[in-house]
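Take a look at the structure set out below.
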Amino acid sequence: MKHTFTHNGQTYELELTPTPDGFRLAYQGREHHVTGIEVTPERVRFRLDGVNRTLAVARRRDTVWVAIRGRAYPLKKQARSRRRGPAGEANPEGVLRAPMPGQVRSVQVSENDRVQKGDTLLILEAMKMEIRIQTPCDGTVAQLPVQTGDQVDKDQVLVVVGEEDRDREEG
Amino acid sequence: MPPFTKILIANRAEIAVRIIHACREMGIQTVAVYSEADADALHVEMADEAVPIGRAPAGESYLRGDKIIAAARQTGAQAVHPGYGFLAENADFAQAVADAGLTFIGPPPDAIRALGDKAAARSLMEAAGVPVVPGYQGTDADEVLAEKAAEIGYPVLVKAAAGGGGKGMRMARNAQELPEALESARREARHAFGDPRLILEKYLAEARHIEFQILADQHGNLTHLNERECSIQRRHQKIIEETPSPLMTPELRGEMGAAAVAAARAVGYTNAGTVEFIVDPATRAFYFLEMNTRLQVEHPITEQVTGVDLVQAQIRLAAGEPLALPVRLEPRGHAIECRVYAEDPGSGFLPATGPVLQFSPPQGPGIRVDSGIRSGDRITTHYDPMIAKIIVHAADRAAAIRRMQAALRETVLLGLTTNLEFLQAVLAHPVFQAGEATTRFIEQHLSEWQPAPPPLGALLAAVFSVQYSGDSVQCSGAAERYTPWRALANFRLGRGR
Chain A
0 MKHTFTHNGQ TYELELTPTP DGFRLAYQGR EHHVTGIEVT PERVRFRLDG VNRTLAVARR
60 RDTVWVAIRG RAYPLKKQAR SRRRGPAGEA NPEGVLRAPM PGQVRSVQVS ENDRVQKGDT
120 LLILEAMKME IRIQTPCDGT VAQLPVQTGD QVDKDQVLVV VGEEDRDREE G
Chain B
0 MPPFTKILIA NRAEIAVRII HACREMGIQT VAVYSEADAD ALHVEMADEA VPIGRAPAGE
60 SYLRGDKIIA AARQTGAQAV HPGYGFLAEN ADFAQAVADA GLTFIGPPPD AIRALGDKAA
120 ARSLMEAAGV PVVPGYQGTD ADEVLAEKAA EIGYPVLVKA AAGGGGKGMR MARNAQELPE
180 ALESARREAR HAFGDPRLIL EKYLAEARHI EFQILADQHG NLTHLNEREC SIQRRHQKII
240 EETPSPLMTP ELRGEMGAAA VAAARAVGYT NAGTVEFIVD PATRAFYFLE MNTRLQVEHP
300 ITEQVTGVDL VQAQIRLAAG EPLALPVRLE PRGHAIECRV YAEDPGSGFL PATGPVLQFS
360 PPQGPGIRVD SGIRSGDRIT THYDPMIAKI IVHAADRAAA IRRMQAALRE TVLLGLTTNL
420 EFLQAVLAHP VFQAGEATTR FIEQHLSEWQ PAPPPLGALL AAVFSVQYSG DSVQCSGAAE
480 RYTPWRALAN FRLGRGR
């Protein structure tokens, strides 16, 4: 099974195949063996190619923070490309994120509204400026996880615009 | 008998925690003040009493001297410790505290006022025989300034007389650049400080920032507790400090220490303060830069090598106790402080915000961590994004650097971008290790720094964290293949060797 993460603009893909005692791992053209996996909300422990590793982790939305030797890596999980789910998730273009930390000043749309390319969906106030979050594509507002007054961080998802609603049953 | 019964701390985060520690040891009751954003903060929890003083923006809370004094009255506090930043160097606030019949734990308002004005401070120091950066602080007419700039010699720094924190400062590399620099600095000075007056100073291309800690009682006794080297800076803000300075010799310490004491004496200084100098590493010529009329962020490194608790000293001096220190305090060993900030060194040190998901500070012999932040706290844009100060003390400089490197490697800080990795890059750099860093170190040697890519172990940990936690990742809606394992909070697989 493939797992994809991004960090600092780069993409990293790992492929894990189960074995009787753990997993075989393929990464950047090499094979590794992983066993002894233990997971808690704060720690992950495993044996990688015979070496025991324990790392501190913290999850927040689609990002896993991992600490190693005084470094911290925010690893953003990438959704798999072919999936069933609410319209819009398969389209990364429709995921509108905050360009910098700020506060939601006003929200111009509601979930399930039809929107047209260029429409202002939300206004963010940041660094004493007003930032208009506009949709880059026609579609439907699939998710609206924030509301007026919310403090948001850089890259936080503000609105998700999905593909045009199609008449089909979601699986 | 403690010098005061109850002290109000007019500050927040790590310095408020620091002051509360000192008060506790002295048997003094503490009052914390807090904004809405800090309702669950450590300093609020630690204090004996806590008074809310307004909404998150500092201008509605920590900068409201009237509310702070009202809180002191309400709780019966006898003294106010301003910490650093906020109102610590606000002469009007110090005066208001005194007028309210309370003790301000710091110098007299007049000393704060005199040293807050760069032009006045330069004149005072010149009169006291303290060497100042070659410059000019007289009339403001552009023709006169141009003449004086030529006399001083380019490049020249144009600074706001009422300024600080790097604001209202411009550099002119030659006579052609001067008019624009003057106009621009004047505009920013008027806007930021309400005072367009300017001073000129020679720009020293390669300089070391070395400051001296001063303590003075109310009976005319002053002393210094040696120097701190603070040349590792970004955005005119220090991020690593150490003592002793690698550049120092006993002779230079004697000369600079005497100049620092003379500077403090010239303004009738009392309590704790720091005299900052610029030193030319080639000639070891030193010049007065400014004096900070408060406790410094980096005070812990002086505490480590002298054994003096500076906050407790401040409290005693404010109560009128005489200075009770030996004439000369030789530093013992070497101490380094690293300031951990929520910021992105790979993107121009832009401040970062977000929740601190996990903070696990380092521990061990010779390691001290001063912090007001805990796992679960949020870093916002309302305040300075400093998360913690990590301080180490060891027998010598090389041992201190090793100890700091080990401490940083052991630190866990998850949830937002910090400069932890960047600090390690500074410590590993040969120029820093040789003790030769000037104030342009980061600009010259680490301007292109980027964080390292994630190692395989980190990626794997992320895979398993997502795969085996109770909740699935929000953006993936489909059923996972390993459904039987999802329900377990603690998951084990294949424990055999």
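Protein sequences appear in the order of chains A and B.
Heads up, the first sequence is in numbering that gives the first Met the number 0, so the first residue is 0 and it goes up one at a time.
Heads up, the second sequence is in numbering that gives the first Met the number 0, so the first residue is 0 and it goes up one at a time.
Glycine residues also receive a C-beta, built at the ideal position from the N, C-alpha and C atoms.
Nothing here was measured: the structure is a model prediction, and the numbers come from that model.
Does the beta-carbon of residue 256/B have 16 or more other beta-carbons within 10 angstroms, so that it is buried, or is it exposed?
buried
Provide the residue(s) that pair with residue 231/B in DSSP beta bridges, ordered along the chain.
239/B
Reduced DSSP category for residue 82/B - H, G, I as helix; E, B as strand; rest coil
coil
Determine, using beta carbons only, whether residue 86/A comes closer than 8 Å to chain B.
With a pLDDT of 41 at residue 86/A, under the threshold of 50, the modelled position of that residue is not reliable, and the figure given next carries that caveat. Output row for residue 86/A: interface = no.
If you drop the 5 nearest sequence neighbours on each side, which residues of the same chain put their C-beta closer than 6 Å to that of residue 36/A?
45
May I ask you to list, following chain order, the residues of the segment 29-55 of chain B that have a beta carbon less than 9 Å from some beta carbon of chain A?
none
Give me the Cα-Cα distance between residue 380/B and residue 275/B, rounded to the nearest whole angstrom.
29 Å
Could you check which residue in 422/B, 205/B and 184/B has the C-alpha nearest to that of residue 443/B?
205/B
State whether the segment 27-47 of chain B contacts the segment 143-153 of chain A, with contact taken as three or more CB pairs (one from each stretch) at a distance under 8 Å.
no
Report yes or no: is there a C-beta of chain A within less than 8 Å of the C-beta of residue 456/B?
yes
What is the rounded straight-line gap between the Cα of residue 50/A and the Cα of residue 24/B?
46 Å
Can you have a look at residue 427/B and say buried or exposed, based on whether 16 or more other CB atoms are within 10 angstroms of its CB?
exposed
Once the 5 residues before and after residue 34/A are set aside, which same chain residues still bring their CB inside 6 Å of it?
20, 21 and 46
Name, please, each residue of chain B whose Cβ falls closer than 7 Å to the Cβ of residue 67/A.
454, 456 and 457
Examine chain A for any beta-carbon lying closer than 8 Å to the beta-carbon of residue 132/B, and answer yes or no.
no
Under 7 Å from the C-beta of residue 285/B: neighbouring residues of chain A
Going along chain A, no residue has its Cβ under 7 Å from residue 285/B, so there is no contact; the nearest lies around 35 Å.
Hey, does residue 152/A have any beta-carbon neighbour from chain B nearer than 8 Å?
yes
How is the alpha helix (DSSP H) around residue 184/B delimited, first residue to last?
177-192
Let me make sure I understand the geometry here. Which of 100/A, 160/A and 124/A has the alpha-carbon closest to that of residue 115/A?
160/A
Span separating the alpha-carbon of residue 292/B from that of residue 142/B:
34 Å
If we call anything under 8 Å between Cβ atoms a contact, is residue 13/B one with residue 369/B?
yes
Please classify residue 349/B as buried or exposed, where buried requires at least 16 neighbouring CB atoms within 10 angstroms.
exposed
Is there a Cβ from chain A that is less than 8 Å from the Cβ of residue 464/B?
yes
Cβ of residue 104/B within 8 Å of Cβ of residue 313/B?
yes
Output the distance between the C-alpha atoms of residue 26/B and residue 75/B, rounded to the nearest integer angstrom.
16 Å
What does residue 93/B reach in chain A if we use C-beta pairs closer than 7 Å?
The contacting residues do not exist; residue 93/B stays about 31 Å from chain A at best.
Residues of chain A with a CB under 7 Å from the CB of residue 451/B: which are they?
70
Where residue 127/A sits in the DSSP three-state scheme
coil
Those residues which DSSP pairs with residue 243/A across a bridge:
No answer is possible for residue 243/A: it lies beyond the span of chain A, which begins at 0 and ends at 170.
C-beta atoms of residue 402/B and residue 365/B nearer than 8 Å:
yes
With DSSP run on the structure shown, which of helix, strand or coil describes residue 10/B?
coil
May I have the straight-line CA-CA distance separating residue 295/B from residue 272/B, to the nearest angstrom?
8 Å
Check each residue of the segment 406-429 of chain B: if its Cβ is closer than 8 Å to any Cβ of chain A, include it; give the result in chain order.
407, 408, 409, 410, 411, 412, 413, 414, 415, 416, 417, 419, 420 and 423
Taking C-alpha atoms, which residue in 3/B, 28/B, 40/B and 227/B lies nearest to residue 386/B?
40/B
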